[in-house]
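J.: Sharing a structure, written as structure tokens. Questions coming.
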Amino acid sequence: MTDTPKDRGARMRLVEGLRQQGITDEAVLEAFAKVPRHFFVPAFLCNRAYDMQALPIACGQTISQPYTVAFQSQLLSVRPKMKVLEIGTGSGFQAAILQAMGAYVYTVERHMDLYREAEERFKQLRIRVALKHGDGYAGWPEFAPYDRILVTCAAPELPQQLLRQLKTDGVMVVPVGEVEQRMTRVVRTAAGFESTLHGSYTFVPMLGEKAFPDNKKPAVEK
Ligand code: SAH
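The opening residue of the sequence shown carries number 0 in numbering that gives the first Met the number 0; numbering runs sequentially from there.
Below, the structure is given as structure tokens:
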């Protein structure tokens, strides 16, 4: 696959669209101008890669819509050289955005097929991120603590094991809820945890033993 002037044009229009929708973090916008999103969607959808919508990827999952990725990245307040843990690698696009922002990215995916595809994609694009196959509900304790933790699937409640892997002054962004999720930003202070809410979203569920039981899955992201 190639990155043509047409693709770059579509990317710049997407960046303008994100600006108009209220994304102000220049580091996020610069990352969107750099990362070729059309490499991260299934080939038959590559002409829709820069549209403001979520798209299906393998295993019944979705690549979140660009605004959601940008909004979560902005809420996370990422700075270069931070150690960032992402739960739910999916296509790898969000991880690539965080890496383009200068973060050291650790990302966990529970679907083996998606994990393998993302690994191959990162290799081809020479994107250096640490990738693990497993249940992200438990985080990635070997490399903890993290400056930032980003969850890109719906958690039924605040994931306690992930909170424990956050540094003091660290920030976690996680969509919390069942049918619909509240975008939740948690700051770890010396005294404990402080949460703020930032709008409603619909994500694919965080699956696994301790997350959603199979009979209680929330709606899929539209
Ligand atoms: N960040 C992704 C969005 C993927 S959608 C992107 O940029 O494309 C959410 C992803 O979370 C799916 O790939 C799903 O398989 C994964 N997921 C769900 N539950 C998980 C769990 N317990 N641990 C790790 N990944 C999980």
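Don't be surprised by glycine CBs; every beta carbon is placed ideally from N, CA and C.
(1) Here's the rule: buried if 16 or more other CB atoms are within 10 angstroms of the residue's CB, otherwise exposed. What is E108?
(2) Which whole-angstrom value describes the C-beta separation of F31 and I62, a residue pair presumed to lie in contact below a C-beta threshold of 8 Å?
(3) Would T195 be called buried (16 or more neighbouring beta carbons within 10 Å of its own) or exposed?
(4) Confirm the yes/no value for this check: CB of G16, any heavy atom of ligand 1, distance under 7 Å.
(5) How do the stretch 18-29 and the stretch 65-82 stand: do at least 3 beta-carbon pairs fall below 8 Å, yes or no?
(6) Using the beta-carbon count (16 or more within 10 Å), is K221 buried or exposed?
(7) Between R109 and ligand 1, is the CB less than 7 Å from at least one heavy atom?
(8) Less than 8 Å between CB atoms is the rule here; does E141 satisfy it with respect to chain B?
(9) So what does M182 bridge to, in DSSP terms?
(10) If you compare alpha carbons, which of Q160, I148, M182 is closest to G169?
(11) Given that a residue counts as buried once 16 or more other Cβ atoms are within 10 Å of its Cβ, and exposed if not, what is T188?
(12) Using 8 Å for Cβ pairs, my map puts Q98 next to R127. What's the rounded Cβ distance?
(13) Do you know offhand how far V203's Cα is from P55's?
(14) Are the beta-carbon atoms belonging to M205 and A154 less than 8 Å from one another?
(15) The alpha helix (DSSP H) with D147 in it runs from where to where?
(16) When the Cα atoms are used, what is the spatial distance from Y49 to V14?
(17) In angstroms with no decimal places, state the Cα-to-Cα distance between Y145 and T1.
(18) Would you decide whether Q71 is buried or exposed? Buried here means 16 or more other CB atoms lie within 10 Å of its CB.
(19) Would you list, in sequence order, the uninterrupted beta strand (DSSP E) runs of no fewer than 3 residues that lie entirely inside the stretch 107-162?
(20) Measure how close the beta-carbons of L84 and R184 come, nearest whole angstrom, since I'm counting them as under 8 Å.
(21) For A53 and F142, what's the separation of their Cα atoms in angstroms?
(22) Is D2 near ligand 1, in the sense that its beta carbon is under 7 Å from a heavy atom of that ligand?
(23) With a threshold of 16 other CB atoms inside 10 Å of the CB of K5, please say whether the residue is buried or exposed.
T.: Reading from the atomic positions:
(1) Within the sequence shown, residue 108 is the residue found at index 109, counting from 1. Buried, since its Cβ has 16 or more Cβ neighbours within 10 Å.
(2) Residue numbering aside, residue 31 sits at position 32 when the sequence shown is read from its first letter. Residue numbering aside, residue 62 sits at position 63 when the sequence shown is read from its first letter. Contact flag wrong, Cβ pair sits at about 14 Å.
(3) Working through the sequence shown from its first residue, we reach residue 195 at position 196. Exposed is the call here.
(4) Along the sequence shown, read from residue 1 onward, the residue named residue 16 stands at position 17. False, no ligand heavy atom lies under 7 Å from that Cβ.
(5) Segments in contact, yes.
(6) For this step, residue 221 is matched to residue 222 along the sequence shown. With a pLDDT of only 34 at K221, under 50, the local geometry of the prediction cannot be trusted, and no value is derived from it.
(7) As a working mapping, residue 109 is identified with position 110 in the sequence shown. Result yes, Cβ under 7 Å from ligand 1.
(8) Among the chains in the structure shown there is no chain B, since it carries only a single protein chain.
(9) Taking the sequence shown and counting its residues from 1, the one referred to as residue 182 is at position 183. Paired residues: P174.
(10) As a working note, residue 169 is residue 170 in the sequence shown. Comparing Cα positions, the closest option is I148.
(11) The sequence position of residue 188 within the sequence shown is 189, counting from 1. By the 10 Å Cβ count, T188 comes out exposed.
(12) Here the question's residue 98 lines up with position 99 in the sequence shown. Here the question's residue 127 lines up with position 128 in the sequence shown. Confirmed, about 7 Å.
(13) Along the sequence shown, one-based indexing puts residue 203 at 204. Along the sequence shown, one-based indexing puts residue 55 at 56. Between V203 and P55, the C-alpha separation is close to 11 Å.
(14) Looking up residue 205 in the sequence shown gives position 206. Looking up residue 154 in the sequence shown gives position 155. Yes, the Cβ-Cβ distance between M205 and A154 is below 8 Å.
(15) Counted from its first residue, the sequence shown places residue 147 at position 148. The amino acid at residue 147 is misidentified as Asp; the sequence shows Arg. Segment 145-150 is the beta strand (DSSP E) holding R147; no alpha helix (DSSP H) there.
(16) In the sequence shown, the residue the question calls residue 49 occupies position 50. In the sequence shown, the residue the question calls residue 14 occupies position 15. Taking the straight line joining both Cα atoms gives about 10 Å.
(17) Translated into positions along the sequence shown, residue 145 becomes position 146. Translated into positions along the sequence shown, residue 1 becomes position 2. Straight-line Cα distance between these residues: approximately 35 Å.
(18) Locating residue 71 in the sequence shown gives position 72, counting from the first residue. By the 10 Å Cβ count, Q71 comes out buried.
(19) For the stretch 107-162, whole beta strand (DSSP E) runs of length 3 or above, ordered along the chain, are 129-132, 145-150.
(20) Taking the sequence shown and counting its residues from 1, the one referred to as residue 84 is at position 85. Taking the sequence shown and counting its residues from 1, the one referred to as residue 184 is at position 185. Contact doesn't hold; Cβ gap of about 15 Å is too wide.
(21) Along the sequence shown, one-based indexing puts residue 53 at 54. Along the sequence shown, one-based indexing puts residue 142 at 143. Going by the C-alpha atoms only, they are around 31 Å apart.
(22) On the sequence shown, position 3 is the one that residue 2 refers to. Checking the Cβ of D2 against ligand 1 gives no.
(23) Taking the sequence shown and counting its residues from 1, the one referred to as residue 5 is at position 6. Per the 10 Å Cβ criterion, exposed.
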